[in-house]
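In my numbering, the protein residues as written are 23 to 201. Structure first, commentary second.
Have a look at this one:
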């Protein structure tokens, strides 16, 4: 084996990965939906260990097959996911701090008689270098017409914007003060 005999190939799909869903790289790990697109796996690229990311959140996979994932690295470590029903999910993922957590994101408005449909996701940096989630969302307006919009999620909390206590909009929360 030598540099001249080595051929580099771009990885288009991870082994056992769902078709038409590209893997994401985060924390030296490859994250991808399983072949059925109802599971999510992390492959450590250093020691080649697998981890099932839906072990404690199997209900996420049961809601529908994964259609798209995007990684948001800055300022927080999040994997955003859209399923076959165009629902939006967020997976906070920071294995260096043993931080894992799933949440379904329900947007305002409606599509027909149901929730708005998230048709596409992208993560792009803003002028400050922070990653921002961009969405293409379909809603039904009051006249019954389908309206598609491009939306950007508000920036996360920062010390310059608010006190931490003002940012806990949850039924229950634990604050980690070890940084």
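Each residue gets a CB set at the ideal place from its N, CA and C atoms; glycine is no exception.
Local Cβ density within 10 Å of residue 168, reported as buried at 16 or more and exposed below that: On the chain shown, residue 168 is found 146 positions in, with the first residue counted as 1. The residue in question, residue 168, is exposed, as its Cβ has fewer than 16 Cβ neighbours within 10 Å.
8 Å Cβ cutoff, residue 175 in contact with chain B: Looking at the structure shown, chain B is missing, and only one protein chain is on hand.
Beta-bridge pairing of residue 170 - partner residues as DSSP gives them: For this step, residue 170 is matched to residue 148 along the chain shown. 160.
For residue 199 and residue 75, the rounded distance between their alpha carbons: By one-based count along the chain shown, residue 75 stands at place 53. By one-based count along the chain shown, residue 199 stands at place 177. Using only the alpha carbons, I get a separation of about 25 Å.
Under 8 Å between C-beta atoms of residue 101 and residue 46: Within the chain shown, the letter at position 79 stands for residue 101. Within the chain shown, the letter at position 24 stands for residue 46. Cβ atoms of residue 101 and residue 46: closer than 8 Å.
DSSP state of residue 125 mapped onto helix, strand, coil: By 1-based counting over the chain shown, the position of residue 125 is 103. Here residue 125 sits in strand by DSSP.
Secondary structure of residue 199, DSSP reduced to three states: Position 177 of the chain shown, counted from the first residue, corresponds to residue 199. In the structure shown, residue 199 sits in coil (DSSP, three-state: anything other than H, G, I, E or B).
Opening and closing residue of the alpha helix (DSSP H) in which residue 84 lies: Position 62 of the chain shown, counted from the start, is the residue given in the question as residue 84. That run of the alpha helix (DSSP H) goes 80 to 84.
Sequence-distant residues of the same chain with beta carbon closer than 6 Å to residue 90, five excluded per side: The residue you call residue 90 lines up with position 68 of the chain shown. So the list reads 104 and 143, once near-sequence residues are dropped.
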